Every structure is written in C-alpha cells, then in structure tokens.
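Single-structure report; data block below.
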Amino acid sequence: MPKATPFQHVSEAPTHPGPKPAAKVFDVADLYKGPVANVQPSQDGGAPMDEKLRQAYFWIVNHAIISPHYDLEYHDGPHQTFTFGDTKTKVNLPSGQSYSSFVLLPLLNFAVRRRCLLVGGPGRGKTSSAILMGVLAGYPVKEVRRGMQHGQPQMTISDLLGNPLPADLVNAKSMDEIHISWRRWLGMRVKIIDEYNRIPTRTQSALLTVLGDNYAELLDQIYECPDAAWYLTANDDAGGGTYQVIEALRDRIDIVVKTLHFNNRFLNELLTRIEEGIEPAEVVPPQIIFTGAETERMYTDVMDVALPPEIRRRMEFFASQFEFLEPAAEQLEYKTKDTAKLAGVDFHLLAAQETGKDRLKDLGAQTKNGLSVRALMTVMIFAKALTYFRGNRVVALEDVRQIIPFVLHDKLAPDPDALFFEAPGNAALRIDRVSWIRRLFDLACAEYDRLNLDKDDPVAALEVEFAQGLQGVTEQEARARLVKIERILAEWSKGRKLYGHIYDDVLKLKYLHQRYTNYLKWLMYK
Amino acid sequence: MLSGPFAQILEANRSRFNARFAEARRIQPRLDPLIFAECLRSTVAQVVEAVHHVRPEKAAEAAEVLYDLSLDLLGQEFLGPNSRYPFIVEGWRFLLPRLSRFIAEAPREVVGSTTNALYNLSTTPGARPGEWAASLPKLVEVCPDAPTLLRAGQVAAWRAGMAHYRLSALDLCRDLPPPVALTALGLSPQAKHPPLDTLIDSLKANPWLHPDSHLPPPTSHLQIVSRVGAFRGFGGLFLEPPLVWPAGDDFVVSDGEGTWLLMADVFGATFHRADIKVSSLKASSPFTINKAGSVSFGKTSRAFPELANANSSAGNNTTLAVTTPLSHAVYLIALAGEER
Chain W
4 MPKATPFQHV SEAPTHPGPK PAAKVFDVAD LYKGPVANVQ PSQDGGAPMD
54 EKLRQAYFWI VNHAIISPHY DLEYHDGPHQ TFTFGDTKTK VNLPSGQSYS
104 SFVLLPLLNF AVRRRCLLVG GPGRGKTSSA ILMGVLAGYP VKEVRRGMQH
154 GQPQMTISDL LGNPLPADLV NAKSMDEIHI SWRRWLGMRV KIIDEYNRIP
204 TRTQSALLTV LGDNYAELLD QIYECPDAAW YLTANDDAGG GTYQVIEALR
254 DRIDIVVKTL HFNNRFLNEL LTRIEEGIEP AEVVPPQIIF TGAETERMYT
304 DVMDVALPPE IRRRMEFFAS QFEFLEPAAE QLEYKTKDTA KLAGVDFHLL
354 AAQETGKDRL KDLGAQTKNG LSVRALMTVM IFAKALTYFR GNRVVALEDV
404 RQIIPFVLHD KLAPDPDALF FEAPGNAALR IDRVSWIRRL FDLACAEYDR
454 LNLDKDDPVA ALEVEFAQGL QGVTEQEARA RLVKIERILA EWSKGRKLYG
504 HIYDDVLKLK YLHQRYTNYL KWLMYK
Chain A
9 MLSGPFAQIL EANRSRFNAR FAEARRIQPR LDPLIFAECL RSTVAQVVEA
59 VHHVRPEKAA EAAEVLYDLS LDLLGQEFLG PNSRYPFIVE GWRFLLPRLS
109 RFIAEAPREV VGSTTNALYN LSTTPGARPG EWAASLPKLV EVCPDAPTLL
159 RAGQVAAWRA GMAHYRLSAL DLCRDLPPPV ALTALGLSPQ AKHPPLDTLI
209 DSLKANPWLH PDSHLPPPTS HLQIVSRVGA FRGFGGLFLE PPLVWPAGDD
259 FVVSDGEGTW LLMADVFGAT FHRADIKVSS LKASSPFTIN KAGSVSFGKT
309 SRAFPELANA NSSAGNNTTL AVTTPLSHAV YLIALAGEER
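Going line by line, the protein sequences match chains W and A.
Residues 4 to 529 (this note's numbering) are what the first sequence spells out, left to right.
Residues 9 to 348 (this note's numbering) are what the second sequence spells out, left to right.
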C-alpha cells in the first residue's frame, strides 16, 4: 500500500475515526477500492458527505494553508498545559482532534450556505480561502475569480447586478420589455465579495437584497439567485474601509473568521511555493469537489443533526443574559437594551441606575445589546454543522462552546467600560472578542450548574407539561397549574434580584399563565 | 518527443501542469521528472490520443485526470519502472487505450476503478489480473456505458480468481442487461442459454459449476477439484501443515500461527486473514472421509490415496476440505463433471 502522500492524495483512512465497523462482508464493490481514492460517484454510495468535508478540510490544512493554527481545541481526556510569561499565557496541547478556525469555519459555511466574513490584514489568505471554497463547489478557478466582486469606491449597482440591454432601453414600451443582462456571479453557488467595506453605501443596499433575500432587482426585473455560500472579506472591519458598512448588511453576516498571522517558521514552504509557482486553488483534487446535489444532501444532513434539550436549555440560559436592562422601562416587557437604544438614551447613564446587583457576576452588564433571533438561529445551524463535520449526529456542549464566539463575534457588542474588563486578567478580553465570548459562555454554564438547572428547573417542568397540549386538561388541572405558576413567581419575587435569565423565565411564566387563563375562560364558556 | 493532441493539451495548460508536478515533488522528493516524462510519453499519451480519437472534446478532461492520477501513482510506485505491480503498468499501457469510449465518459471513475481492480487482483494470491485485463475488451463491445462496464468488470473479477466475490458478483449479474451478464460470465450472448435467473440460481447453489455447464453433468463424480495453499517458503501462507474447520459455506484454515478464511470455487480460491476461534466451529456435512482416504458423498464414494491419514477435514453441502500431516496444501473434494 502507499507509503507516502503526494499532493493530490486525499486521505483514504477515516479522517475522524470512530468505533470499528462490524465484521466485513465480502462485496464485489471492494474491487474498485484501492490506491486511487473515491473513484465511485458519491451518489452511488461513495464517501459520506461528512467524510468528504473532513477530507476537504485536511487537504486544505495539509496542502493549501501553509501555517494552520489549531485554535479550536478539543480534548479527549487529560491534556498537557504549559504556562508562559508574566501574563500566564496558557499553551494547551489538545488530546483530541483540534481544528484551525480559519480553514474549518469557511468550510462549515460552505456546508450550510450562510454568509461568512473573513477579516484580517492584507495578504493573509482571506481571498485565497474564499476562492478555494468556490473551487470546492466545482467551479474552475478562472470562473471563481471572474465571479468575485471586488469592492471599490466607484462600484455601481449595475456593476454589481447587471445592465439593461441597450436595445430594450430604446424600444421598450413598458418596463416588462426591458431585459437585463444579469451578472454571472448571481447564479453561482459560492459568492465572493472582496473588500465589501469599500463598496459605496447605495450599492451596499443592493447587495443587501441579494445577500439577505436571495434575489436581485433592477428596473422592475427580478433575478432569483440559487442558495449560495457567501464569503465577504474586509481588511479592517472596525471602520477601516472606504465606506461605513450599513448595519443591516453587517447584521446579515452569519459568521466571522479572523485570519491569523503567518508563522515565520514556515518560510521555507513559502519559498518553495514561490519558486515552483504553486497555486493551491489550481490543484484541488477532484475527489473533494462537491457537486450541486452533494451540497444539497450535505445541507439536509446537517439539518438532521439533533440538538438535545439539555444543550438547548444551556443556550437559552446563556442568551437570556444579555437583553435585559432593568432601568430601561417601567413595564416588564420593555425592560430591554433595545428600548434604551431606540430611545437614543446613553446606555451607561441607564446602566448606572442599576443597583444592588453584582456587576461582575451579571453577564448582561458586559454587553451593550442582546441577541437577535437571527443570531440564535445561526448559532444552532453552525453548531449542527460543526457536530456533523466531527462525524457526530447529536450536538455536544463543546461544539456549541467552540462555535459560539465566531457566530456572535459581530453580534454581541461589548461594553468596554464594564467592570468585568477592569478585573485582573480580563483587560485583553476587551480586544480579543473570541476569547471574551467563550468566557461569557463558560461563565453562563458555570452559573447554570451552580443553580442546578439541569435537575431543578421549575419553568422547564411547566414547559414540558404545557407541551403535552391543552386538550383534555380539566378545569381543576388548569387551575392547579395556574396556582403553580403563581407560587413560583411569588417565591421568586421575595428576595431574588432580576437578572437576565430570571427576566426571561418570568416572561415565560407570564406567557404560560396567560395561555392557561385563556383556556380556562374557553372551558367555562363551553 | 511528444506530439499530437496530448502535447497540445499539455502546452495549453503548461504552467498549471508544471505547478502540479512541482507540488507533488515537494512532498515526494524522489519523484523523477525524467521518469514522469517517460510515463507521460509511453503511457498517458496513448490513452489521451485514444480518447481524442473517439471524442475529441473530452480529451482535455481525460488528460487532466490521467496526468493527476499518473503523478499520484508514480509517486507511490504503482506506475513507472519501479512499480511492484507490473499488471497496473501493463493495464495502463495496453488496457486503458481500449477503454477510450468509457474514459471519455467518466475518466476518473474508469481509470481509477481499473487501476484499483488491477491492484486488488495483483495483491490477491491466486487471482489472475492478466485474465481480468483480457476479459475487459470483450465487455467493451457489449456495454453501453461506463457504469455498466464497471459492473460487468466486477463479475469478470470473480471469474479471474476472486472467489470471495462469487455471491455478490452473481447478484450483480441479475441487474445487468442479459448480453452483458452473459459476456461477463464468459458466455457468448449469441449462443443458446437457459434463462439468466435460472443460470444464476444454479451457479449460486454449486460453487463448482462452470457457467458453460449450467446444470450438473450426469456423469459427475467425486474428485479433487482444487489444491490450495502452500508452504510459506514456497510463496504460500503456511508455516506448518494446516488444519481445517467448517465455517458456513466456507472453511477456516490455521497453521497454528495464523488463521484464515478459505473461500473457493470453480474459478479459484482466496485466503483472508481472520480472527476466529476455531474450537467453536462445527457443522454437519454429507461428506465423510476414512483413514484410508476414501471419501463418501451419499451413495458415491471414491478412494484418494494421497488423503490417507488425513489429520483434519471439514465439509459443507458441496465441498469437503481435507488436510494431511505431510502437505501444506488444503485438498478440496467435490462432485464435478470433468476431471480437473
């Protein structure tokens, strides 16, 4: 069998080995398995899509990216840790298969067809990475390059979307008769917008329609785009572009990937690449290229990954920390950061009115905003994608923990004046948003454990009861449930301060109370 | 010096092809540019030209695939002068040009699958890769497309000595167009045959039945249908004379050091290393053998002097396997028509 691994070789061994399969049954199909990998069309029982995705990942890590960083750390049991310097920098040697976020996250974005922003300094491989994704989707490199939209200050909507046919402009008697020559990139399954923060504001709005609603509109003509994975790049996402990116467009970005620095120990590899004129996108092995049908199947498979209730509950607990702002309103429902923002009130003035709460412990005090529905949906989608990539079919807490900083990177705005960042050792978290969000998630999980919510969550018990439906619930039972809700609220109101998670629980209890009240009224009417 | 369509394709994409070679060499420093150039000249060019002859528009795509695969295989010493698998080298040189119609249709699938098949046949003791390679051109004439050719090739592999594929190959025959299935079984589609399903059922029931004698001949008698396995010093598997046990339709053979599953039929026998506890293996069989080497099967019996003093025997419904203390071979006895 092969001894070494040439460039075009894609690992035939399982890339994330699981338990050994049962005893082998001899099958004539094995005749065509051998040194040439993946020779069978995948729709006829070829490599499963998660295996193919991992093969693509490992090919990129081993051949295309010169110095990958393993920053998504997974551990299988005990691992070694070393501490360096005065800042006590920890170096973990992961005991499990760990990944490079710069390679993995664009690949997961490819699998779930969302919108990925690659940020980092010039020449760090943002555009190259996006082009690789286009090649993985089966497009020739030239077509990917031609389809890439380069943001520049003179970019017009016509540059972006297309032009009306000149003859139609002269002869048309109505708008319906004007045909548009749409730009080819609109029909591609991988869309790349290079330096999107250099696009003028008006053109950004046109881009928003394509990016957000998946269609383009010009002179009353509509072009429906296929589902696509988007890759946007920006040298400096913190306002360094030519134009300010409109907030709606920023909000549509699902995941942010940071390019990490080049490790100078790999300079020799760089030299070889220069001398030999090697362009990784030109030599992507065909066996890791996904057909349209395969990407469809992969997406469906990812969506089939299960998110167990206990993990979902922790995500709820984490997400509930941020929106609540007690002094923002009088009525409970409006006590949110969004209320304060819409009113244009200085956030810090309001936050300063909050008294009696532990500002270090209150995770909500670290952010200026809460999480949108879109952000929460994206967390779940990418958590499923990561789980799928790792060859599992049930999301684990660690998958959520690893993915959440990248999805919420631009969604959760830190309050740099928060007391938390003043605490010893936390100053760097003002800058390092990935570590900060991961710390937030860890702290939320620790609080969740401290409150013993896995075992003792009265709201969850009521939710389970309610989820069984109201049909057949007697008046007596409905009244008993109402009393139960009122008792919980009475108990909580005695001494507990309102924190974000309690706020959400109280609102949920109010909701359940209202549903039972209405049900009772209906029962009595009947 | 290269010329013709392949040379034009290489010229048109020179920088890309050069970069691929450079990258492959970075990882495989022993990859010799002269040897690779010779491989392209002597082997790949013929295949590309053959593809160009049948479908010129597909020649470039085929050239890309063949270039990549040849680079890959040369780097791993499956191709080239240092190859340990001469049948792969021969297959690329003489077989692939004859599959041009199918390579044009699905280059990677056909070239990759053919290479893998030649590799598997080369590494399976007792299999006959040359016979398999010779059978494919006959299939070319009757197969409408590449997937059919590849499936028919699987059936042909069974006939080329891959006994462990017998049942799944016969199942595959049911899904093939009858002329293709008959050709894959080594029969002429023009000749008279029983219905394909009947033929397949007969072949499944009796591993010693040849497809061209679809029913047991009336004069069948007990005979040694095969003698498989040998001393390791002579290229076989066994260090000591082996012992044999029944294992369903197959047999388990052990020399005390290793254990193998033996699968045998009219086209050959294959051994597969297995981790099986032999003490638990028992089965009833219509075969018996006595100390003098006389084998009985129902009312038929025959004496085999070379099997006298057999130290182990195991039978199933069609075959008796016998070993003796003086031989490293396993004798297989069955009812068969002509003496083999």
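In this text, a Cβ means the ideal position worked out from N, Cα and C, and glycines have one as well.
Note that the structure is predicted; figures quoted are calculated from it, not measured.
One or two residues paired with residue i in a DSSP bridge
{"i": "Asp258 of chain A", "result": "A:Ala255"}
{"i": "Asn166 of chain W", "result": "W:Ser184"}
{"i": "His78 of chain W", "result": "None, per the DSSP bridge assignment."}
{"i": "Tyr102 of chain W", "result": "W:Leu75"}
{"i": "Leu334 of chain A", "result": "Its beta-bridge partners do not exist; DSSP assigns none."}
{"i": "Ser309 of chain A", "result": "A:Ser304"}
{"i": "Gly323 of chain A", "result": "A:Leu328"}
{"i": "Ile232 of chain A", "result": "A:Ile341"}
{"i": "Met271 of chain A", "result": "A:Thr278"}
{"i": "Phe246 of chain A", "result": "A:Phe239"}
{"i": "Gln54 of chain A", "result": "According to DSSP, Gln54 of chain A bridges with nothing at all."}
{"i": "Phe295 of chain A", "result": "A:Phe305"}
Within 9 angstroms, strictly: CB atoms of residue i and residue j
{"i": "Ala32 of chain A", "j": "Leu79 of chain A", "result": "yes"}
{"i": "Gly169 of chain A", "j": "Phe275 of chain A", "result": "yes"}
{"i": "Thr131 of chain A", "j": "Tyr93 of chain A", "result": "yes"}
{"i": "Asn128 of chain A", "j": "Ala165 of chain A", "result": "yes"}
{"i": "Ile314 of chain W", "j": "Ala430 of chain W", "result": "no"}
{"i": "Pro197 of chain A", "j": "Asp273 of chain A", "result": "no"}
{"i": "Ile195 of chain W", "j": "Val138 of chain W", "result": "no"}
{"i": "Ser98 of chain W", "j": "Pro125 of chain W", "result": "no"}
{"i": "Phe113 of chain W", "j": "Ala232 of chain W", "result": "yes"}
{"i": "Tyr246 of chain W", "j": "Gln207 of chain W", "result": "yes"}
{"i": "Thr308 of chain A", "j": "His229 of chain A", "result": "yes"}
{"i": "Ala378 of chain W", "j": "Leu411 of chain W", "result": "yes"}
{"i": "Ala189 of chain A", "j": "Arg182 of chain A", "result": "yes"}
{"i": "Val193 of chain W", "j": "Ala133 of chain W", "result": "yes"}
{"i": "Asp413 of chain W", "j": "Arg253 of chain W", "result": "yes"}
{"i": "Gly237 of chain A", "j": "Leu245 of chain A", "result": "yes"}
{"i": "Leu77 of chain A", "j": "Arg106 of chain A", "result": "no"}
{"i": "Tyr102 of chain W", "j": "Gly165 of chain W", "result": "no"}
{"i": "Gly138 of chain A", "j": "Leu147 of chain A", "result": "no"}
{"i": "Thr84 of chain W", "j": "Leu75 of chain W", "result": "no"}
Residue span of the beta strand (DSSP E) that contains residue i, given as start and end
{"i": "Phe2 of chain W", "result": "The structure shown does not extend to residue 2 of chain W, since chain W spans only 4 to 529, so no value can be given for it."}
{"i": "Ala470 of chain W", "result": "From DSSP, Ala470 of chain W is part of no beta strand (DSSP E) but of the alpha helix (DSSP H) over Pro461 to Ala470."}
{"i": "Glu543 of chain W", "result": "Residue 543 of chain W cannot be examined here, being either before or after the span of chain W that is shown, 4 to 529."}
{"i": "Cys119 of chain W", "result": "Arg118 to Val122"}
{"i": "Phe279 of chain A", "result": "Gly276 to Arg281"}
{"i": "Ile407 of chain W", "result": "No beta strand (DSSP E) contains Ile407 of chain W, which is instead part of the alpha helix (DSSP H) from Leu400 to Val410."}
From the options, residue whose alpha carbon lies closest to that of residue i
{"i": "Gln290 of chain W", "options": "A:Leu87, A:His201, A:Pro89 and A:Arg116", "result": "A:Arg116"}
{"i": "Tyr502 of chain W", "options": "W:Ala447, W:Phe469, W:Asn455 and W:Val476", "result": "W:Ala447"}
{"i": "Ile232 of chain A", "options": "A:Val338, A:Thr156 and A:Phe44", "result": "A:Val338"}
{"i": "Ala114 of chain A", "options": "A:Ala272, A:Thr156 and A:Glu139", "result": "A:Thr156"}
{"i": "Lys338 of chain W", "options": "W:Leu400, W:Val397, W:Asp230 and W:Gly373", "result": "W:Gly373"}
{"i": "Gly306 of chain A", "options": "A:Ala329, A:Phe312, A:Asp205 and A:Leu343", "result": "A:Leu343"}
{"i": "Asp418 of chain W", "options": "W:Asp402, W:Trp439, W:Phe409 and W:Ile407", "result": "W:Trp439"}
{"i": "Lys299 of chain A", "options": "A:Asn317, A:Phe239 and A:Pro89", "result": "A:Asn317"}
{"i": "Pro187 of chain A", "options": "A:Tyr173, A:Pro202 and A:Gly244", "result": "A:Pro202"}
{"i": "Leu443 of chain W", "options": "W:Leu214, W:Asp413, W:Gly394 and W:Lys364", "result": "W:Lys364"}
{"i": "Ser11 of chain A", "options": "A:Leu39, A:Val260, A:Pro41 and A:Val52", "result": "A:Val52"}
{"i": "Arg174 of chain A", "options": "W:Leu34, W:Ile68 and W:His66", "result": "W:Leu34"}
{"i": "Glu180 of chain W", "options": "W:Arg186, W:Pro167 and W:Gly190", "result": "W:Pro167"}
{"i": "Phe392 of chain W", "options": "W:Arg57, W:Tyr218 and W:Ser184", "result": "W:Arg57"}
Unbroken alpha helix (DSSP H) run spanning residue i, endpoints
{"i": "Val338 of chain A", "result": "Counting along the chain, Val338 of chain A falls outside any alpha helix (DSSP H), though it belongs to the beta strand (DSSP E) covering Val338 to Ala344."}
{"i": "Ala309 of chain W", "result": "Counting along the chain, Ala309 of chain W falls outside any alpha helix (DSSP H), and DSSP gives it neither H nor E."}
{"i": "Gly137 of chain W", "result": "Lys129 to Leu139"}
{"i": "Val94 of chain W", "result": "Premise fails: Val94 of chain W lies in the beta strand (DSSP E), Thr92 to Leu96, not in any alpha helix (DSSP H)."}
{"i": "Lys194 of chain W", "result": "Run containing Lys194 of chain W: none in the alpha helix (DSSP H); it sits in the beta strand (DSSP E), Val193 to Asp197."}
{"i": "Trp525 of chain W", "result": "Gly503 to Tyr528"}
{"i": "Thr156 of chain A", "result": "Ala154 to Arg167"}
Tell me the start and end of each unbroken beta strand (DSSP E) in the segment 224–298 of chain W that is at least 3 residues and wholly inside, in chain order. Correct list: 224–227, 232–237 and 258–261.
Go through the segment 15–98 of chain A residue by residue and report every complete run of the alpha helix (DSSP H) that reaches 4 residues or more, in order. The segment 15–98 of chain A is shown to contain whole alpha helix (DSSP H) runs of 4 or more residues at 22–35, 41–47, 53–62, 67–83 and 94–98, in chain order.
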